[in-house]
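According to the numbering used here, the sequence shown holds residues 65 to 257 in order. Think of the CB as a built atom: it goes at the ideal place given N, C-alpha and C, for glycine as much as any other residue. Structure first, commentary second.
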Amino acid sequence: MNDFKPFLPKAETEYSAMVAQFAAKSKDLTTRFFHVANQTEAVEVIQKMKEEEKWTSLASHHTPLTDSTVEKLGLPCLWTDPGYATADLEKVPVSITTCDALIAQTGSVFLTSKSCGGRAISILPPHHIVLATKEQLLSDLPTAYKYMQEKYADGYPSMMTLVTGPSRTGDIERILVLGAHGPRKLTVILIEG
């Protein structure tokens, strides 16, 4: 008799069900998740956070999506081009990056050094915002790994990581602490078109 409970929930495969599953997992993980129609709505969501959190600067890396988003926010930006000082990332309140994939089954974000501009940008600022497109929402980990193998068939990036919720630890006196080893806040914005 097999009495074990599956470790992971059933992976959804239909798009609207994957969006709902990612949203539910995000809520469980305290990840802020926004599903928006277009980049204009994504910028509006970020503008609201900018005002609420009183950002004075941000960090990002160059992609068409991040470049146009950052331009519309009107804040000084630390770009993670080769030669930037990693220590400067500790001084910015928020980073905005893209990703390789979102995984509906676990509520995870698949990041690589190519998609997000390096490891430091996703862990040093206290708030990490990830921009993703509908094509990047995948059902489960096996699908994500297959996707990554195909995407990087000519050579893997130097860093690959799965981010599942904001950084947290309960190492000290079993008290949950957010942001101990990375950002205290994780926001994912899924853009339809």
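- Inside the region 152-181, DSSP marks whole alpha helix (DSSP H) runs of 4 or more residues at positions 177-180, from first to last along the chain.
- Residue pairing by DSSP puts His99 in a beta bridge opposite Leu254.
- Annotation: Ala75 is outside any beta strand (DSSP E) and is labelled neither H nor E by DSSP.
- Sequence-distant Cβ neighbours of Cys163 in its own chain, meaning closer than 7 Å and more than five residues away, are Val173, Phe174, Leu175, Ser179, Cys180, Val194, Ala196, Gln200.
- Remark: C-beta atoms of Ser159 and Ser222 do not approach each other more closely than 7 Å.
- Segment contact: the region 102-118 against the region 147-156, fewer than three CB-CB distances shorter than 8 Å; contact not assigned.
- Here Thr104 is exposed, its C-beta having fewer than 16 other C-beta atoms within 10 Å.
- Excluding five sequence positions before and after Ala106, the CB atoms of its chain that fall closer than 6 Å to its own CB belong to Val100, Ile253, Ile255, given in chain order.
- Distance between Thr228 and Tyr216, taken at the CA atoms: about 22 Å.
- For the 7 Å CB-CB criterion, Ser124 and Val134 form a contact.
- The criterion of a C-beta distance shorter than 7 Å is satisfied by Ala208 and Ala165.
- Note that the C-beta distance between Gly171 and Leu93 is below 7 Å.
- Within the region 188-229, the complete alpha helix (DSSP H) segments of 4 residues or longer fall at 205-215, listed in chain order.
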